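Chains A and B supply the protein sequences, listed in that same order. Each residue of the first sequence is one higher than the one before, starting from 7 at the first, in our numbering. Each residue of the second sequence is one higher than the one before, starting from 2 at the first, in our numbering. The C-beta atom is built at its ideal place from N, Cα and C for all residues, glycine as well. Just so we're clear, the structure is a prediction, and the values are computed from it rather than from any experiment. Only one structure is covered here, and it is reproduced in the block below.
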Amino acid sequence: MINQIILGLSTGAMYSLVAIGLVMMYKVSGVMNFAYGNMGMFITYIIWWLSSSMGVNLYLSIILGIMFAAIMGVSVERYGLRPIRHLSHGSMLIVTFGILMILEGLAVEIWGTEYKSFPELISGTPFVFKGDFGIVVLRKQDLLVFTTLIVISIAIAIFTKFTKFGIAIRAVSENEEVAGYMGINVGSVLGFSWAFGVSMAALVGVIAAPKVFVSPTMLTFYQIQGFTAAVLGGFETFTGAVFGGLILGVLEKIVGNYISEGFKASISLVIIILVLVFFPSGLFGRKIRRRA
Amino acid sequence: MSWLWIILALLPFLLLKNAFVMTILSLVGIYALASLGLNLIMGYSGQISIGHAAFMSIGAYVSTLLAINYNMPIVFGIILGGVIAFLFGVLIGFPALRLSGFYLAIATMGFVVAVEQLFSYFEHITGGHAGIRNIPFPSLWNSDVEKYLLVLGFLFIAYVITGRIINSKTGRAWMGIRENEIASSVMGINVAWYKVLAFAIGSMFAGIAGALYAHVIGYIAPSDFGIAKSLDLLAISVIGGMASVEGPFLGALIYVAMPFLFSRTNIPLSIIFGIILIVVVLFMPLGVSFYVNKFRLKYVNFILAYFKRSKKPYGTFVKTKIGNIHYIKRGNGTIPVVLVHGNFASARFFEPLMEKIPADRFTVYALDLPNFGFSDELEGDVTIDKYAVALENFIQALGIDNFILLGHSLGGAVAMGYAVRNPQRLKKLILVDPAPVYGMPSYDESAYKIIDVYRKNPDMIKRALMMNAPTYDDEKFFDRITSDALRMAKKAFIGNAKALAAYDYTPHASSVEIPVYVLYGDKDVILDYNAMKKTAEAFKNGRLIVLRDIGHSPVVEDKENIIKIILE
């Protein structure tokens with residue numbers, strides 16, 4: 007049971023990482039990024055290509071890849087979304103959907119559909135704890151995921167609470183127009199949110215790649231679960247994203263283990279719909295009454 | 002648009018019996034039907050759904066399983082598929098009430114993923130991931146054409162239903178909810194009921210589309226209706242244009258046909274489609290249908306307008322100093338009555354009224370003002386005074402004296418203009434929803450440009466006329482008036498509107514001593530009560546009569562009361 011929960015927490019932590027990127031983009035720019043998974047996929051491909059074909063050091067190529075991700079995020083936001091910000095959310099959704107298709111097509115065209123293996127960032131024998139609670143196995147990969155999640159969560163918390171730019175981000179997500187009047191450069195905040203979001207996608211891609219292999223659809227499932235996690239926790243808070251992901255991971259594992267593997271996704275989705283019916287803005291979301 | 006449907010129905014018999022083309026067209030119809038449903042949910046009632054394909058799969062599996070296991074006739078199977086999808090729509094619609102925006106999007110996304118998984122899981126019923134092959138389609142002579150006609154039939158019904166709903170109370174309620182939920186609930190709209198209804202009807206369309214898909218393609222698998230298909234449907238709706246009835250058709254056409262245009266190139270389909278999506282959203286953000294409509298309004302409909310113009314005069318002409326004037330006459334009584342029509346109208350506007358005026362007591366004349374109908378065009382700018390002078394000339398030419406003058410709307414202003422010059426010739430003046438005595442308010446130049454759009458669009462004229470006569474709906478009558486209105490002089494479309502803002506008879510009106518009746522329908526959307534009160538007060542013997550529940554056109558809506566006043 008404890009092992010199941012730890013495994014669940016490990017997958018859940020991945021969902022949390024996905025959700026953090028999604029929430030950052032949604033909070034600031036109000037767009038649900040459908041291309042998120044494919045952006046991560048595409049950059050993972052680039053990292054894989056740099057390290058395996060071009061012979062660049064793996065860590066250097068990861069850094070290069072994340073830089074490329076930031077550029078990609080900024081340019082998509084600047085040229086694909088900002089021109090239609092005043093229109094419906096539906097339109098912006100469709101733009102990200104178009105990017106999703108283009109990236110998938112490009113990946114298939116350049117690298118084909120076969121699975122590519124990706125080196126483990128960290129490997130070694132798992133830690134095993136024995137005690138009167140039974141045997142607990144903790145893999146090093148799980149540790150990597152947990153560490154990344156903890157570091158990023160704390161970094162975001164500090165960044166948004168105590169730095170000037172972080173506060174600017176919160177201001178823009180609260181009210182874009184007024185933030186602009188206060189002298190905040192709304193454009194750069196929007197750009198940053200997308201750079202950060204896509205970088206998170208790249209990070210998720212790199213961490214997930216050894217397990218799911220590099221392929222055009224490698225992050226699709228993570229993306230859907232990331233959405234679900236974000237919704238479960240409340241789409242507007244980072245706390246919600248982190249805990250939503252962890253809860254979802256554990257829930258999924260338990261359902262898969264004790265009820266049926268085939269129902270895994272369905273039952274967790276049903277639970278989420280039920281949660282949403284009773285907490286319409288997520289478990290950690292604030293209920294805000296606004297003048298419509 | 003009925004001719005378009007007839008052409009579509011005849012298409013397979015006219016030129017193409019090609020099975021491939023028929024299947025493609027059927028697919029266009031299926032996607033149009035499904036996204037018509039999505040358009041009701043998203044475009045009209047403003048709820049986001051990215052799980053629409055789930056309802057397609059429900060319809061598809063219900064209909065297929067009924068056809069295979071129980072030999073249910075296909076049409077009933079399809080309808081039942083739609084009904085079951087309707088019920089699921091209600092089921093999803095209720096939780097959707099509590100959610101909005103992205104939470105709703107995720108919930109619907111969860112629904113589509115769950116439905117896909119469930120259909121794969123129950124292998125003994127649904128065939129699992131492999132799906133169901135060889136879905137039967139018992140055909141009489143040519144299965145592809147029959148499939149096409151079946152799709153077309155359902156699509157037509159859905160199209161008619163959509164058009165009716167959109168223009169009914171329900172559609173207005175949906176749009177109200179879309180714009181502002183709180184405000185609509187304050188207005189007494191049952192928000193929950195209408196939102197669930199939108200979801201249910203939209204889902205029913207998707208269910209029917211799914212069932213048709215199963216029978217047309219003959220093969221279904223759970224993955225055919227996954228999240229990707231849902232997003233495709235969303236894309237169709239956005240490309241075609243949200244909240245438009247034609248949008249889904251154009252969107253589906255682009256979605257299905259585009260791949261074939263690029264089939265010879267080596268570029269993968271998803272790249273092409275992705276680029277199309279982005280280009281459409283960035284450069285045609287309101288959807289293709291908006292631009293198609295704009296193009297039609299500007300460049301195509303004037304052909305229609307040309308053919309709809311009245312060709313044959315229906316009355317007699319009289320030669321006056323300012324040109325020929327066309328008029329109709331009825332009755333042979335001793336008291337003459339002259340009727341002056343309003344803007345976008347003609348002598349025929351009074352036909353229903355004239356029939357009711359006792360012919361043995363009155364002789365009724367109704368004329369086409371110059372610039373209108375079959376009368377000659379006036380030179381120079383349009384002014385109300387010129388119309389009044391033309392009326393003088395007409396009355397002189399026919400030798401009418403001591404008569405009752407009735408003017409409606411713009412004609413009311415003309416009648417006032419006549420009355421202040423020649424009060425001694427009148428017995429009484431009846432103004433039916435007239436332009437106020439001090440003129441209409443003047444508008445910005447851009448507003449007048451909009452009026453010029455009417456010149457090329459008969460449908461809009463007819464709709465405007467009917468809107469101004471809310472309690473009278475003889476469509477044939479308005480068709481006739483529309484074709485007369487299309488004969489208006491080119492400069493008069495904007496000219497009349499400007500002329501109506503450029504006169505003031507208040508100073509002269511007080512010297513008019515004959516009885517003046519101002520009739521005002523209280524449902525008038527152009528004029529207000531105060532303007533009418535002031536108009537009546539401007540005349541010495543003016544009297545305001547308010548007609549309850551009547552619009553801007555009492556001459557057709559409330560003939561009895563007008564005749565009562567003529568007789569008085």
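Which partner residues of residue i appear in the DSSP bridge assignment?
i, result
"B:Pro337", "B:Thr364"
"B:Arg544", "B:Tyr518"
"B:Tyr328", "B:Thr317, B:Leu368"
"B:Ile405", "B:Val338, B:Lys429"
"B:Ile133", "B:Ile221"
"A:Val195", "Answer is none; A:Val195 lacks a bridge partner."
"B:Val556", "Answer is none; B:Val556 lacks a bridge partner."
"A:Val220", "A:Lys122"
Looking at the unbroken alpha helix (DSSP H) that takes in residue i, where does it start and where does it end?
i, result
"B:Arg422", "411–422"
"A:Val237", "226–239"
"B:Met23", "20–40"
"B:Glu569", "Looking at the DSSP string, B:Glu569 is not in any alpha helix (DSSP H), and its letter there is neither H nor E."
"B:Ile583", "The structure shown has nothing for residue 583 of chain B, since chain B only spans 2 to 569."
"B:Leu305", "302–309"
"A:Met73", "64–81"
"B:Leu98", "75–99"
"A:His92", "First-last for A:His92: undefined, no H or E at that position."
"B:Pro353", "352–357"
"B:Gln118", "102–122"
"B:Pro508", "507–510"
"B:Pro579", "Look at the range of chain B in this structure, 2 to 569, and you will see that residue 579 of chain B is not part of it."
"B:Asp550", "No alpha helix (DSSP H) holds B:Asp550; DSSP gives it neither H nor E."
"B:Glu378", "That residue, B:Glu378, is in no alpha helix (DSSP H); it is neither H nor E in DSSP."
"B:Val182", "Val is not the amino acid found at residue 182 of chain B; the sequence shown has Glu there. 182–187 is the extent of the alpha helix (DSSP H) around B:Glu182."
"B:Lys387", "385–399"
"B:Tyr62", "53–71"
Would you give the residue range spanned by the beta strand (DSSP E) that residue i belongs to?
i, result
"A:Val142", "140–144"
"B:Lys429", "427–433"
"B:Lys289", "Going by the sequence as given, residue 289 of chain B is Val instead of Lys. Per DSSP, B:Val289 belongs to no beta strand (DSSP E); it is in the alpha helix (DSSP H), 289–296."
"A:Gly137", "133–137"
Report back the beta-carbon spacing between residue i and residue j to the nearest angstrom; my notes put them in contact at under 8 Å.
i, j, result
"A:Val143", "A:Asn263", "With a Cβ gap of about 15 Å, A:Val143 and A:Asn263 do not count as contacting."
"A:Pro216", "A:Pro125", "7 Å"
"B:Gly211", "B:Phe375", "Not confirmed; about 56 Å, so no contact."
"B:Val421", "B:Tyr504", "Incorrect: roughly 10 Å between the Cβ atoms, too far for contact."
"A:Gly251", "A:Ser22", "3 Å"
"B:Met259", "B:Ile277", "6 Å"
"B:Asp523", "B:Val547", "6 Å"
"B:Lys491", "B:Arg456", "7 Å"
"B:Ala346", "B:Ala486", "7 Å"
Exercise. Which parts of the region 13–41 of chain A are runs of the alpha helix (DSSP H), unbroken and 4 residues or longer, counting only runs that do not cross its ends?
Worked result: none
Problem set entry | Minimum length 4: unbroken alpha helix (DSSP H) runs contained in the region 199–276 of chain B | For the region 199–276 of chain B, whole alpha helix (DSSP H) runs of length 4 or above, ordered along the chain, are 228–241, 248–262.
Problem set entry | Uninterrupted alpha helix (DSSP H) stretches inside the region 261–285 of chain A (no shorter than 4 residues) | Fully enclosed alpha helix (DSSP H) runs of 4 or longer: 270–284.
Exercise. Enumerated in chain order, which unbroken segments of the beta strand (DSSP E) with a length of 3 residues or greater are wholly contained in the region 101–182 of chain A?
Worked result: 133–137, 140–144
For this session: Residues of the region 159–175 of chain B with a CB closer than 9 Å to any CB of chain A: list them in chain order, please.
Result: none
Problem set entry | Contact residues within the region 25–58 of chain A, judged by C-beta distance below 8 Å to chain B | Answer in chain order: Tyr32, Met38, Phe40.
For this session: Enumerate, from N- to C-terminal direction, the unbroken alpha helix (DSSP H) stretches of 4 or more residues contained entirely within the region 454–490 of chain B.
Result: 459–468, 476–486
Problem set entry | Where the region 281–302 of chain B meets chain A: residues whose CB sits under 7 Å from a CB there | Residues Val282, Leu283, Pro286.
Problem set entry | Members of the region 238–249 of chain B that neighbour chain A once the beta carbon cut-off is set at 7 Å | Cβ contacts with chain A: Val239, Met243.
Problem set entry | Contact list for the region 97–108 of chain A against chain B, Cβ threshold 9 Å | Using a CB distance below 9 Å, the part of the region 97–108 of chain A facing chain B consists of Ser97, Met98, Leu99, Ile100, Val101, Phe103, Gly104, Ile105, Leu106, Met107, Ile108, ordered along the chain.
For this session: With a floor of 4 residues, list each alpha helix (DSSP H) that falls wholly inside the region 130–177 of chain B, ordered by position along the chain.
Result: 144–167
Exercise. When you check each C-beta in the region 104–123 of chain B against every C-beta of chain A, which residues fall closer than 8 Å?
Worked result: Tyr104, Ala106, Ile107, Ala108, Met110, Gly111, Phe112, Val114, Ala115, Gln118, Leu119, Ser121, Tyr122
Exercise. When you check each C-beta in the region 130–163 of chain A against every C-beta of chain B, which residues fall closer than 7 Å?
Worked result: none
For this session: Select from the region 216–234 of chain A all residues with a C-beta closer than 9 Å to any C-beta belonging to chain B, and list them in chain order.
Result: So the close ones are Thr226, Ile230, Phe233, Thr234.
For this session: Could you run through the region 187–212 of chain A and flag, in chain order, every residue whose CB is less than 9 Å away from some CB of chain B?
Result: none
For this session: Scan the region 216–235 of chain B for residues whose Cβ lies nearer than 8 Å to a Cβ of chain A and list them as they occur along the chain.
Result: Ile228, Leu232, Leu235
Exercise. If you measure beta-carbon to beta-carbon, which residues of the region 82–107 of chain B are closer than 8 Å to chain A?
Worked result: Going along the region 82–107 of chain B in chain order, one finds Pro96, Arg99, Leu100, Ser101, Gly102, Phe103, Tyr104, Ala106, Ile107 with a Cβ nearer than 8 Å to chain A.
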